[in-house]
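One structure is given here, and the rest of the page talks about it.
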Amino acid sequence: MGSDSKKVQWQEGDLTVTRTCSWTAPGCHDGCSVLYYTKGNELVKVEGDPESQYNFGRLCMRCLSAPELVNDPKRVKWPMKRAGERGENKWERITWDEAYDIIEEKVRSIWKDYGPESIVTAIGTGRNTWSIVPKLTYSAFKSPNFSMGFLAGDSCYLPRAAAMGTMIGDFFIVDASQLDPRRYDNPEWKLPECIIIWGNNPTISNGDGFLGHWIVDMQKRGTKLIVVDPYLTWFASRADYWLQLRPGTDAAVGLAMLNVIIDEELYDKDFVKNWTYGFEQLAERVKEYPPEKAEEISWVPAEKIREAARFFAKAKPASVQWGLAIDTQRAGVSVANSICALIAITGNLDVPGGNHLIRSAFGVDRLAHVASDWGFAELPEEMRAKRLGVDDYPLFKYGLAATSRGDSVLEAIETGRPYPVQMYWMESTNTFVNTASESKRVYAALKKVPFVVVVDPVLTPSAVAHADLVLPASMSVERDSLRNWWTPLRSISKVTQYEEAKTDEEIVLDIGKRLNPEAFPWDTVEDMIDWALIPAGVTFKELEAKTVIWPEVHYKKYETGRLREDGEPGFNTDTGMVNLYQDIFVEWGLDPLPFHMEPPYGPVSTPQMMKEYPLILTAGSRQWEFFHSEHRQSATLREFHPNPRVSMNPETAAKYGIKEGDWVWIENNIGKCKQQAVLDPGWDPRVIHGEHGWWFPEREAAEPTLYGAFESNINNLTTQCTTGPTGYGAPLKNTICKIYKAE
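The sequence shown runs contiguously to residue 1204 in my numbering.
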């Protein structure tokens, strides 16, 4: 275990400089090392930490714009109780104690009249709320219903997590040397000869704790790329192979690559023989997907699939960096299964420069962000069994994350079955603007919930439309916390205070001590963090003094018994092997092997509908300026990106009489929205791309405007409750539409 011992705070003139980690809110999945420059209680400037072995001083424009967002006078300053009707944007300032009194009274009343299960909590994308809000849900509210909002198919990492968990027994990340302070000079580490970037754009999205610039670093050292993406990203333009597939057909491409590798015996025979289960069955399945068939399905030329498969199989080592596009398909788990198999049979699991098998560093699972069951075991078994969605989908019941299924929560609100939802708690989630499909359906459903609490730094359309209480959440610079998700263990240090805002940790601890003090034995947040850090052997103050603690790194852990509780060699699965064929899926009535499943709307599933809606619509890729629906308040970032954009090939635009900058209606059988046309030859002429997360903080807050929440909302066109057989995954990035110029 290594640690950094650099100076953590000093003076530069009248500015105090603090070395720490920046996360959320606002932010992204990553947590870059920064230098905060403060003057008194004001954040003046943010710079990347040039001594950091994590991000090497590099920061994106979102982080650089933090002072503007932190010091925004329009932030929520103190707790507010609704004064008028929902949607009128009329609020009464109250104290924290008054807010807690209201919450306690409502919760105890619901316990008495309906049961704890009638309380549902929801969070936005991965951040510290991933561990804090489950503790609030399970231990304070005593409810089993912690959710990812109304995200259809829970299609953000969980399909991939389910695949990794059942096939491999552990999560994997690209080994970019990010777990060792020597980084690229670590003699144990090997430079990947090839990386497949599959379904994400790492330098913009920086998903799952992975900094996209590490791939650029490795490219400079000689790493070659294969990019699987419908769009010509920066990485795709520099790849040896760009597989431009039809959105929603990733499994067909993955299976065809497996077909080539197995047929030509390019797989790692030793690893397959000694460490995999079900190779023969997988070999039979992939015979159904020769590259020619995959070309028909995916539009990727068969010969290009063959060449890319050979290139990847022969590279030693090689790895796959994947993204959200894997999850946003009906059969998201199956897509992930095919990619897991590709990594495994080529011998690239847990080798230097391959896909490193990773757990929360130092065993700090209590604050690890995939450990969303923090406190779940405290619930009685009969209460755990009431979790929404588990009766219909075994993977939700027995899977890796103790979440309630977002689609099932929506159906429970709408129908009152299997029981009514009486309280909905939103923490850093902007429901019908961002995470929810069928935006107007979700908006209408939430009107039915008797008591809604929103915890957020800013007043969002979701808060205005539905909240009975709004609680002001601190931003990253205003909180003491941890960053520990597939990365070195780092502290987050509080350097400013905004009005009466509280951290997520403070709010949860305050409420927990009122409702269930036995489960919240800590006097302060620091005490709670110290408890979480016990496995790391440090206190929060000790970690803060170091800023970073690096873990020990071990490769081929399956050979040395480091993956299994019994200490025996093998993987942490029921067979001890990588399950290329999954017996447990057979027990659950699921296909035990990867397969392709067509999107619900498209040229194969609905050819007649394609006559009215002839274009493939994909959506949701990240922008440089924004993270999901965050950052729209920043005048600087909006100057770079003032309006929502729909991108299309110039050939497509000409066909429909559209010019650069025209406002365009995007419409299908679900709904429509309006965005501004951008002509981009990087798209296939049959595909267009719409942006997500758009609202306009400069517009009227009250209904019916709601900051323009429905005008440019691409989720007016996507569907809820349309998932595959596992319940994980939804077609958010693969549907159909027509476009026409807005008059």
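Ideal Cβ positions, reconstructed from N, Cα and C, are used throughout, including at glycine. Note that the structure is predicted; figures quoted are calculated from it, not measured.
Reference residue i; option with closest CA among the options
i            : options               : result
residue 1285 : 523, 468, 1097        : Residue 1285 lies beyond the stretch modelled for the chain, which goes from 462 to 1204, so this question has no answer here.
residue 789  : 1204, 1203, 512, 1193 : 1193
residue 440  : 852, 1134, 703, 1138  : Within the shown structure, residues of the chain are numbered from 462 to 1204, placing residue 440 beyond reach of any answer.
residue 1061 : 1196, 647, 1102, 1132 : 1196
residue 804  : 1151, 620, 729        : 729
residue 1152 : 787, 1143, 1107       : 1107
residue 770  : 815, 723, 754         : 723
residue 1080 : 1100, 786, 917, 1073  : 786
residue 736  : 695, 693, 810         : 810
residue 659  : 639, 693, 640, 987    : 693
residue 1278 : 1088, 864, 872, 727   : Given a span of 462 to 1204 for the chain in the structure shown, any question on residue 1278 remains unanswerable.
residue 853  : 839, 868, 843, 841    : 868
residue 512  : 1036, 970, 643, 753   : 643
residue 988  : 1003, 975, 665        : 1003
residue 515  : 686, 1011, 775, 975   : 1011
residue 1141 : 1031, 1113, 1175      : 1113
Under the three-state DSSP convention, the category residue i falls into
i            : result
residue 1130 : coil
residue 982  : coil
residue 1097 : helix
residue 569  : helix
residue 521  : coil
residue 552  : strand
residue 673  : coil
residue 944  : strand
residue 939  : helix
residue 968  : helix
residue 583  : strand
residue 632  : strand
residue 801  : helix
residue 1137 : strand
residue 664  : helix
residue 876  : helix
residue 1021 : helix
residue 680  : helix
Cβ shell of residue i (< 6 Å), same chain only, five flanking positions each side left out
i            : result
residue 947  : 634, 670, 819
residue 682  : 652
residue 603  : 577
residue 1155 : 1105, 1173
residue 469  : 480, 1008
residue 941  : 955
residue 527  : 507
residue 601  : 972, 973, 976, 977
Integer-rounded CB distance, given that residue j should sit under 8 Å from residue i
i            : j           : result
residue 538  : residue 961 : 6 Å
residue 1043 : residue 580 : Contact doesn't hold; Cβ gap of about 34 Å is too wide.
residue 555  : residue 972 : Wrong, their Cβ atoms sit about 15 Å apart, outside the cutoff.
residue 747  : residue 720 : 4 Å
residue 586  : residue 597 : That belief does not hold up - the Cβ atoms of residue 586 and residue 597 are roughly 18 Å apart, past 8 Å.
residue 836  : residue 599 : 4 Å
residue 794  : residue 620 : 5 Å
Opening and closing residue of the alpha helix (DSSP H) in which residue i lies
i           : result
residue 713 : 711–724
residue 747 : 740–747
residue 960 : Counting along the chain, residue 960 falls outside any alpha helix (DSSP H), and DSSP gives it neither H nor E.
Range of the contiguous beta strand (DSSP E) that encloses residue i
i           : result
residue 604 : Run containing residue 604: none; DSSP gives neither H nor E here.
residue 953 : 950–953
residue 933 : 930–933
residue 817 : 816–819
residue 504 : 503–509
residue 480 : 476–482
residue 917 : 912–917
residue 658 : 655–659
residue 907 : Note, residue 907: premise wrong, no beta strand (DSSP E); alpha helix (DSSP H) at 900–907.
Cβ shell of residue i (< 7 Å), same chain only, five flanking positions each side left out
i            : result
residue 519  : 509, 674
residue 471  : 478
residue 1162 : 550, 920, 925, 1168
residue 708  : 691, 1077, 1079, 1148, 1194, 1195
residue 812  : 778, 1016, 1017
Cutoff 8 Å; reference residue i; Cβ partners in own chain excluding five residues on either side
i            : result
residue 1180 : 613, 898, 899, 1061, 1131, 1191, 1192, 1196
residue 1158 : 535, 919, 1093, 1094, 1168
residue 1203 : 1123, 1124, 1125, 1126, 1135
residue 531  : 504, 936, 938, 939, 957, 959
residue 903  : 611, 871, 892, 893, 897, 1181
Cβ-heavy atom distance, residue i to the ligand NAD, below 7 Å
i           : result
residue 781 : As far as ligands go, the structure on display features none, and thus does not contain the ligand NAD.
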